[in-house]
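Reading through the structure tokens given below for one structure.
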């Protein structure tokens, strides 16, 4: 099917002026019935013809000059000297010139509308989270110290957003429209699913999938790994060629959202790292042997003082504070 804009508007000019051949009429009917954009163009053509009139109207366009400009526009190799054309040819030429002008405005307008996408940016502070509802029905939970950018209305063929920091996505299904997140040199593509994406500066980028299926890759390549529920993808900034796929190592990857911490026979070193992420603190060990202590416990809406007190009591530990820094010491874990 030929959707060349010039060919389309030339044939529309002949059609609406009543001078199209049977083949041209058939071409117009077929192409305007099967392509939505062509159908809209046909309606524009009818409007223009109704305004410019017919051979019997009082309107008398400068057809010769218009015809010459039209010939140049379609890159004719030679322009024949002006000759007197039958009235119907002159009106076809006039309609063609007028419609081509409208065509230019029509395609320029459509392109401009597609390119002029209005974006919204949402940021969170050190102790703040936000819920964002997108136009397609998707929902984004934004973690602390994060920035999320998204269009007010998604374009026809894609749904593209940007993230700095961490967010949990619940993506609504939209037939044939992928949802793509660009974050710290990576791209995550889905159709309809839920997953956590962590992309803080100076950290590996991580995706943990809860439902559905996710394609995860660096923006510089199409070599993606496909992640399913219970799987995690990791890309170390500027070093990893391809994402690493592995089981999600901890149930606390979305603790910031669920407000719960769960530890099952967890080493104290790992537990301390998760407390650092959750509370925004720094934990150090005076004795490295303490890192191997193991804990099984859980907290709902945890408070830092409560958590540290329970760890100290059950693990035979001493925990001292200096601002946002904590030092773990003591005799060691109970047998």
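Numbering (the UniProt record's numbering), first residue to last: 1 to 335. We put the beta carbon where it would ideally sit given N, CA and C, even for glycine.
- Distance check between residue 151 and each of 117, 269, 22, 197 places 117 closest, using alpha-carbon atoms only.
- Runs of alpha helix (DSSP H) with 4 or more residues, each lying fully within the UniProt domain "FecR protein" (121-214), are absent.
- The secondary-structure analysis by DSSP pairs residue 298 across a beta bridge with 262.
- Here the alpha carbon of residue 317 sits roughly 23 Å from the alpha carbon of residue 260.
- Residue environment: residue 320 is assigned as exposed (fewer than 16 neighbouring CB atoms within 10 Å of its CB, all protein chains considered).
- Per the C-alpha coordinates, the member of 189, 297, 146 positioned closest to residue 198 is 146.
- The Cβ atoms of residue 161 and residue 193 lie no closer than 8 Å to each other.
- By alpha-carbon distance to residue 191, the top candidate from 201, 206, 175 is 175.
- Rounded to the nearest whole angstrom, the C-alpha separation of residue 245 and residue 125 is 31 Å.
- If you check the CB distance, residue 206 and residue 232 come in under 8 Å.
- Contact check for residue 143 against residue 129 passes: the beta carbons are separated by less than 8 Å.
- Excluding five sequence positions before and after residue 251, the CB atoms of its chain that fall closer than 8 Å to its own CB belong to 262, 264, given in chain order.
- In the three-state scheme derived from DSSP, where H, G and I count as helix and E and B as strand, residue 303 is classed as coil.
- Inter-residue distance for residue 230 and residue 268 is about 23 Å (C-alpha atoms, whole angstroms).
- Residue 223 sits close to residue 217, with the two beta carbons spaced by under 8 Å.
- Rounded to whole angstroms, the gap between the alpha carbons of residue 141 and residue 21 is 60 Å.
- Taken through DSSP and simplified to helix, strand or coil, residue 317 comes out as coil.
- At the C-beta level, residue 182 and residue 219 come within 8 Å of one another.
- Under the three-state reduction of DSSP output, residue 221 falls in the coil class, being neither helix nor strand.
- By the beta-carbon neighbour count (other beta carbons within 10 angstroms, threshold 16), residue 131 is exposed.
- Between residue 290 and residue 328 the beta-carbon gap is near 6 Å, inside 8 Å, which marks them as a contact.
- Per DSSP, residue 324 is not a residue of any beta strand (DSSP E), being assigned neither H nor E.
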